[in-house]
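Trainee: Counting from 22, one number per residue, gives the positions in the sequence shown under our numbering.
All residues carry an ideal CB built from backbone N, CA and C; glycine is no exception.
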Amino acid sequence: IATEYLRPSLVKLYRHAGFDFIYIEKEHCYLEDQLGDFVLSARDNGMPAISKIAELGRAETGRLLDAGVVGIQLPRSESREQLLTLIDYVKFMPQGTRAAAPCYGNVDYVWPEDTTAWLKKANDSTVIVAHIETAAGYENAEEIVSTPHLDMVYVGPCDFAISMGYPGDYDHPVVKKAIGRILGLCRKHKVAFGTTASGPAAARKWIGRGCQFFEAADELGLIGEAAGNLVKSYR
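Here it is, written out as structure tokens:
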């Protein structure tokens, strides 16, 4: 996860560490001044970048895609209608109404020779991520997960537990059962399921149940943990 330290060096470190993709936290953090260069660096280093958006909007979605991110994650996904609107913003015709800007980071600043082929490739490669984190999203999980062209579902355990009435208790049976139901729906509809695990042991359990990706620690958490461990080792 990338939150505040959007530097090309961070992309290099994540690539060397073996991460599969970079998730940009754009709902809770202000990243405008560094975002474009960071996404270009991610593309140049073979690290796909998926960005969360602050809210459902055509302009922000389009700018992120034009900058070169490959996927958009919608927080507080609570209905199929929301996802269909996002798909309309993300995909070019005939799947959507995204405006074409074939001269920016999304094409590495090289105008495509074949516009038709480029549009098709872009539609095939852009990723739609539903972010279920509320009781309303849980109630409508089946209609969300079965949305055509949806690629991934992420359940944010922190806000999800709060919305379900168990703040901070990610392992409460009610919370775990609800998340497990969403995972089951993802398997049924062949949509990749992901969440955030509390640690390696929890991650292994989720993997055993069919979890396919995790949004792991951000750079601030990684630096803080490593710094704390270093200080402890010297004392």
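If we call anything under 8 Å between Cβ atoms a contact, is Gly126 one with Leu61?
Mentor: The answer is yes: Cβ separation under 8 Å.
Trainee: What is the DSSP secondary structure of Ser219, counted as helix, strand or coil?
Mentor: The answer is coil: DSSP assigns Ser219 none of H, G, I, E or B.
Trainee: Does DSSP put Phe40 in a helix, a strand or coil?
Mentor: Coil at Phe40, not helix or strand.
Trainee: Would you identify the three-state DSSP class for Ala213, choosing helix, strand or coil?
Mentor: Reduced to three states, the DSSP call for Ala213 is strand.
Trainee: Below 8 Å CB to CB, which residues in the same chain sit around Ala213 once its five sequence neighbours on both sides are set aside?
Mentor: Once the five neighbours on either side are set aside, the close Cβ partners of Ala213 are Asp172, Met173, Val174, Cys207, Gln233, Phe234.
Trainee: Give a yes or no on contact between the segment 99-106 and the segment 128-141, applying the rule of three or more CB pairs nearer than 8 Å.
Mentor: Taking 8 Å as the limit for Cβ pairs, the verdict is that the segment 128-141 does not touch the segment 99-106.
Trainee: For the beta strand (DSSP E) holding Gly92, just list the boundary residues, first then last.
Mentor: Here the beta strand (DSSP E) through Gly92 covers 92-95.
Trainee: Hey, quick one: how far does the beta strand (DSSP E) through Ser72 stretch, first residue to last?
Mentor: It spans 70-73 - the beta strand (DSSP E) in which Ser72 sits, taken as one unbroken run.
Trainee: Out of Gly78, Leu77, Ala63, which one is the CA nearest neighbour of Ile71?
Mentor: Minimum Cα distance to Ile71 is reached at Ala63.
Trainee: Short of 6 Å in beta carbon distance, which residues of its chain neighbour Thr116, apart from the five on each side in sequence? Order them along the chain.
Mentor: Checking the displayed sequence, the identity of residue 116 turns out to be Gln instead of Thr. Answer for Gln116: Asn144, listed in chain order.
Trainee: With a Cβ-Cβ cutoff of 8 Å, do Glu154 and Gly177 count as a contact?
Mentor: Contact: yes.
Trainee: Residue range of the alpha helix (DSSP H) that Ile22 falls in?
Mentor: Per DSSP, Ile22 belongs to no alpha helix (DSSP H) and is neither H nor E.
Trainee: Going by the CB atoms, is the gap between Ala182 and Tyr191 shorter than 8 Å?
Mentor: Yes; because the gap between Cβ atoms is below 8 Å, this pair is in contact.
Trainee: Tell me the residue span of the alpha helix (DSSP H) that contains Val150.
Mentor: Not the alpha helix (DSSP H): Val150 falls in the beta strand (DSSP E), residues 148-153.
Trainee: Around the Cβ of Asp54, are there at least 16 other Cβ atoms within 10 angstroms (buried) or fewer (exposed)?
Mentor: Exposed, since its Cβ has fewer than 16 Cβ neighbours within 10 Å.
Trainee: In the DSSP assignment, find the unbroken beta strand (DSSP E) run with Val174 in it and report its ends.
Mentor: Start and end: 173-176.
Trainee: Taking the alpha helix (DSSP H) that Ala156 belongs to, which residues open and close that run?
Mentor: 156-160 is the span of the alpha helix (DSSP H), which, as asked, contains Ala156.
Trainee: Since Phe235 sits in a beta bridge, which residues does DSSP pair it with?
Mentor: Per DSSP, Thr216.
Trainee: Less than 8 Å separating the beta-carbons of Arg230 and Leu204?
Mentor: Contact: yes.
Trainee: Looking at Leu56: is its Cβ nearer than 8 Å to the Cβ of Ile74?
Mentor: Contact flag unset, no.
Trainee: Give me whichever residues DSSP pairs with Ile45 in a beta bridge.
Mentor: Bridge partners of Ile45: Ala23, Ser72.
Trainee: Would Val91 pass as a contact of Pro123 if the rule is Cβ separation under 8 Å?
Mentor: No, these two residues do not count as a Cβ contact at 8 Å.
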